[in-house]
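Colleague: Structure provided below as structure tokens; questions to follow.
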Amino acid sequence: MQRIAELEARDARKTQYLANISHDLRTPLSAIITHAEILRDGILGELTPRQLESVGGIISGGRQLLAMVGEILTYARAAGDQLVLTLATFDPSEAVEQVAALNEPLAARKEHTLDVAIAPNLPPIRADRERFTHILGNLIGNAIGYTAPGGRIWVAARRCTDQGREALLVEVGDTGIGIADEYHDYVFREFAQVDSSASRAHHGTGLGLTIARKLVDLHGGRIWVESEVGIGSRFFFTIPYGP
1464 MQRIAELEAR DARKTQYLAN ISHDLRTPLS AIITHAEILR DGILGELTPR QLESVGGIIS
1524 GGRQLLAMVG EILTYARAAG DQLVLTLATF DPSEAVEQVA ALNEPLAARK EHTLDVAIAP
1584 NLPPIRADRE RFTHILGNLI GNAIGYTAPG GRIWVAARRC TDQGREALLV EVGDTGIGIA
1644 DEYHDYVFRE FAQVDSSASR AHHGTGLGLT IARKLVDLHG GRIWVESEVG IGSRFFFTIP
1704 YGP
């Protein structure tokens, strides 16, 4: 029992350390991005085209790193049971369309088509809108990242019955590389990388789907994947209507 208590205490300290270091990293990263944006905008003088290209790389890399730090911070809070939902009533159709629109430029850069299909007259849902868009944004970002140029991404939303309750069902699909059957549950685990080699084509913290599952669980819903290697993947999650 003492050994178990020691391991639990060590795990709690590790989680708190992750939260602290992630929070502390955000401030200098934000400063780097801000100063690079000042240079890009010519506030301190005009830059040459090559300098602008270099500064653009700093901004892009900084934002990517800041997003990864944010994922680690969210994971640490979830692992420490510090995530709290802020519930509000909102239109899910509007939220889905907004997240899809924010990802349109990224999809366009990879020459993807991004389709949105929302059932008519979806009723308002009571949930944490920020967390809802976080879940959806993670799934769309993954779909874009794991689909070769010229592929198709789609987002669909409709009502369903899930575990005996009325719920909102959201689907994010792609024509990407797909996931083998044996990894369908594995991809939702902490720090999971189906391809963990140093030369893998897709990089990240391996926390996006773990966080998505935690946020869906907090809402009382479910998240799962249907996929076939070489064909693509379809991720689904539900958010119950009502309490």
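So for the sequence shown, our numbering puts the first residue at 1464; every next one is plus one. Where is the CB? At the ideal position from N, CA and C, for every residue including glycine.
Rounding to the nearest angstrom, what Cα-Cα distance links L1681 and E1634 in this structure?
Modeller: Reading the sequence shown from its first residue, position 218 is the one you call residue 1681. Reading the sequence shown from its first residue, position 171 is the one you call residue 1634. Taking the straight line from one Cα to the other gives about 19 Å.
Colleague: By the 10 Å Cβ neighbour count, where 16 or more other Cβ atoms means buried, how is L1631 classified, buried or exposed?
Modeller: Within the sequence shown, the letter at position 168 stands for residue 1631. Looking at its Cβ environment, which holds 16 or more other Cβ atoms inside 10 Å, L1631 is buried.
Colleague: Taking the alpha-carbon positions, what's the G1519 to E1567 distance?
Modeller: Within the sequence shown, the letter at position 56 stands for residue 1519. Within the sequence shown, the letter at position 104 stands for residue 1567. Taking the straight line from one Cα to the other gives about 20 Å.
Colleague: Kindly list the residues whose CB is nearer than 8 Å to the CB of H1666, restricted to its own chain and excluding five residues on each side of it in sequence; keep chain order.
Modeller: Residue mapping note: residue 1666 aligns to position 203 of the sequence shown, counting from 1. Model confidence at H1666 stands at a pLDDT of 47, short of 50, so the residue's coordinates are unreliable and nothing is read from them.
Colleague: Quick test of your reading: I1495 and R1526, contact by CB under 8 Å. State the CB separation rounded to the nearest angstrom.
Modeller: Locating residue 1495 in the sequence shown gives position 32, where the first residue counts as 1. Locating residue 1526 in the sequence shown gives position 63, where the first residue counts as 1. Not a contact, Cβ separation roughly 10 Å.
Colleague: At the level of alpha carbons, what is the spacing between I1607 and R1572?
Modeller: Within the sequence shown, residue 1607 is the residue found at index 144, counting from 1. Within the sequence shown, residue 1572 is the residue found at index 109, counting from 1. Whole-angstrom Cα-Cα distance: 10 Å.
Colleague: How long is the line joining the alpha carbons of T1552 and I1702, rounded to whole angstroms?
Modeller: Sequence index remark: in the sequence shown, residue 1552 carries index 89 (1-based). Sequence index remark: in the sequence shown, residue 1702 carries index 239 (1-based). Going from the Cα of T1552 to the Cα of I1702 covers about 13 Å.
Colleague: May I ask you to report which of helix, strand or coil DSSP gives I1642?
Modeller: As a first step, residue 1642 must be located in the sequence shown, where it is residue number 179. Note: I1642 maps to coil in three-state DSSP.
Colleague: May I have the straight-line CA-CA distance separating I1686 from R1652, to the nearest angstrom?
Modeller: Along the sequence shown, one-based indexing puts residue 1686 at 223. Along the sequence shown, one-based indexing puts residue 1652 at 189. Rounded to whole angstroms, I1686 to R1652 spans 13 Å at the Cα level.
Colleague: Return the Cβ separation of I1616 and L1672 in integer angstroms, given the expectation that the two are a contact with Cβ distance under 8 Å.
Modeller: As a first step, residue 1616 must be located in the sequence shown, where it is residue number 153. As a first step, residue 1672 must be located in the sequence shown, where it is residue number 209. Not really, about 16 Å apart at Cβ, beyond 8 Å.
Colleague: Assuming T1511 contacts A1558 (C-beta within less than 8 Å), just tell me the rounded distance between them.
Modeller: Indexing the sequence shown from 1 puts residue 1511 at position 48. Indexing the sequence shown from 1 puts residue 1558 at position 95. Rounded, the Cβ-Cβ distance is 42 Å, inconsistent with contact.
Colleague: In or out: S1523 buried (at least 16 other Cβ within 10 Å) or exposed?
Modeller: Counting from 1 along the sequence shown, the entry for residue 1523 is found at position 60. With fewer than 16 Cβ atoms within 10 Å of its Cβ, S1523 is classed as exposed.
Colleague: Taking C-beta to C-beta, are L1548 and D1591 nearer than 8 Å?
Modeller: By 1-based counting over the sequence shown, the position of residue 1548 is 85. By 1-based counting over the sequence shown, the position of residue 1591 is 128. Yes, they are a contact pair.
Colleague: Please classify E1645: is it buried, with 16 or more other beta-carbons within 10 angstroms of its beta-carbon, or exposed?
Modeller: On the sequence shown, position 182 is the one that residue 1645 refers to. Label assigned to E1645: exposed.
Colleague: Can you tell me whether D1487 is buried or exposed? The criterion is at least 16 other CB atoms within 10 Å of its CB, across all chains shown.
Modeller: Indexing the sequence shown from 1 puts residue 1487 at position 24. Result: exposed.
Colleague: Checking the sheet assignment: what are the DSSP bridge partners for A1571?
Modeller: Here residue 1571 corresponds to residue number 108 of the sequence shown, with the count starting at 1. Per DSSP, none; premise fails for A1571.
Colleague: Is the distance from the Cβ of Y1609 to the Cβ of I1581 below 8 Å?
Modeller: Against the sequence shown, residue 1609 aligns to sequence position 146. Against the sequence shown, residue 1581 aligns to sequence position 118. Not in contact: Y1609 and I1581 (Cβ atoms no closer than 8 Å).
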